[in-house]
Amino acid sequence: QKEFTSGATFLLKFALYPNSFFLIFSENFNYTITFQSQVLLMTDSRKNSLHRSSTVDIVLHESRKTWVSKMFYRYPSVCVFLAFAFAGICCIISLPQMQLSDDSERTFLVWDDLRVERQDAYNEAIDKVEVGNQKKQSVAVQTEAITAWTVWVIYEAKKSVGSLLTPAVLNDMENLENQIANHKRYKNVCLIAYDTAADASICNVHRRSPVDTFPNHDTQTEIETTMTGIFADDDRYLSLKPSFEKGWSTSDRTPRWARTMIEHGAPLTLKGRTYNYYKEDEDAQDEYFVDYVLDVADIVDDYKSSNFDTYFFNQKWFDEKSNELVMQDFAFVGLSLAFVIFYMMVHTRSVVLPIIGMFQVILAFPVAFFFYRFVFQITFFNMMSLLSIFVILGIAADDIFVFVDA
């Protein structure tokens, strides 16, 4: 016992005595070990003799021995093996099931609430009716508008530009939107309308853009004439007003903000297969659209204009980027883990103790997930759930500090 002269030596001694469970204060090196198995076998006089020893301060635990303590006392190696075996089984079962739940309007609802259950039943009935109708009558390719596929491009005039409604600015907008329309996948995802007069299917009919609002914009006079006609027609003005900044009116004809809305449609034709409706294979069609919209976002972000700054938004793009950013931030778990291990090595003067402690942290997550998913039957699992690893990491480090220092 006097040879516990360093953290490494102490851990080696501790590993050689698996029946030793309690770390307490030592006069020389802040370490003392209670050999509980030896104390239990000693006579009262021997206990008193050891208790008076100045080398090691023995803490005697006289609590009632339960079957659990007896099992750990008699078969320590077997118990440790069973514990790690159980943790390993939980890892094997849990890891394949750690899939993020899809975000929806139901994410933060109380699912067993009566009002939620009624709404779920109603939505399910509506979906079945819609799917049934679609199966009876297929939807024409790219004619079903998908709300989550709508693309928004927002324009903000630079300080040197007084208004977005000038020939130079509108020509600049038209150039950017033509780049989007010329994307190789645009014609495969645009919302199609059939023009009976021209006897042709057209894509950009569902694009609401300042460029389309002012088709004749070669001169400022043409723009002002079109604007006067818009203000004179209340219905037309009210339909176009949301495309420009608040306050755009006869008294303020120089908007500094405007936006373009580009709608897209399903079902798609992918790899030679034409889907009958959007929900027939929603994931495959979404995946194709996401690849396209990521490129569109890059086109908007990379576009350089001396007249305006651009901003991009689409719901599918937003979800994809949000998950990407969270996963990038989650990579800092490794750095956090490395820093905690390093600091614990310095503090405890040990290599084994911090590594084993952090190994327990890693094992705690799949074990907890096993009970979460398979015992309590909770299926919801999102990125916020993964952040619990930071809480476990902090608690485990604190426990080891208390265990060593107290």
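Using this note's numbering, read the sequence shown as starting at 1366 and increasing by one per residue.
Virtual Cβ for every residue (Gly too), placed ideally from N, Cα, C.
- Closest in alpha carbon position to residue 1634, among 1621, 1650, 1626, is 1650.
- Per DSSP, residue 1443 is one residue of the alpha helix (DSSP H) stretching across 1441–1459.
- In the structure shown, residue 1630 falls within a strand segment according to DSSP collapsed to helix, strand and coil.
- The closest CA to that of residue 1712, considering only 1604, 1766, 1533, is found on 1766.
- Apart from sequence neighbours up to five positions away, the residues of its chain that approach residue 1645 with a beta-carbon distance below 7 angstroms are 1632, ordered along the chain.
- Here residue 1754 is near residue 1730, since their CB atoms are less than 8 angstroms apart.
- Selection 1637, 1679, 1610 evaluated against residue 1626 yields 1679 as nearest (Cα-Cα).
- Non-local beta-carbon contacts of residue 1582 in its own chain, meaning distances under 6 angstroms to residues more than five positions away in sequence, involve 1532, 1535, 1588 in chain order.
- The Cβ atoms of residue 1524 and residue 1673 do not sit closer than 8 angstroms to each other.
- In this structure, the beta-carbon distance from residue 1465 to residue 1747 falls below 8 angstroms.
- For the segment 1512–1571, the full-length alpha helix (DSSP H) segments reaching 4 residues or more read 1532–1546, 1551–1554 along the chain.
- For the pair residue 1749 and residue 1677, the Cα-to-Cα distance works out to about 26 angstroms.
- Judged by their CB atoms, residue 1556 and residue 1652 are not nearer to each other than the 8 angstroms cut-off.
- Assigned with DSSP and collapsed to three states, residue 1591 falls in helix.
- The DSSP-derived three-state label of residue 1635 is strand.
- Residue pairing from DSSP places residue 1614 in a beta bridge opposite 1617.
- Counting every other CB atom within 10 Å of its CB across the protein chains shown gives residue 1616 a total below 16, marking it as exposed.
- The beta carbon of residue 1576 lies closer than 8 angstroms to those of 1535, 1538, 1539, 1542, 1582, 1625 in the same chain, with the five residues before and after it left out.
- DSSP, read as helix, strand or coil, puts residue 1673 in strand.
- Taking a C-beta distance under 8 angstroms as the contact criterion, residue 1620 and residue 1528 qualify as a contact pair.
- Here residue 1705 is not near residue 1771, since their CB atoms are 8 angstroms or more apart.
- Taking a C-beta distance under 8 angstroms as the contact criterion, residue 1508 and residue 1637 do not qualify as a contact pair.
- For residue 1472, the secondary structure class from DSSP, reduced to helix, strand or coil, is coil.
- As computed with DSSP, residue 1625 is found in a beta bridge with 1518.
- In the DSSP annotation of this structure, residue 1467 is not part of any alpha helix (DSSP H), being labelled neither H nor E.
- The C-alpha of residue 1738 is placed about 10 angstroms away from the C-alpha of residue 1458.
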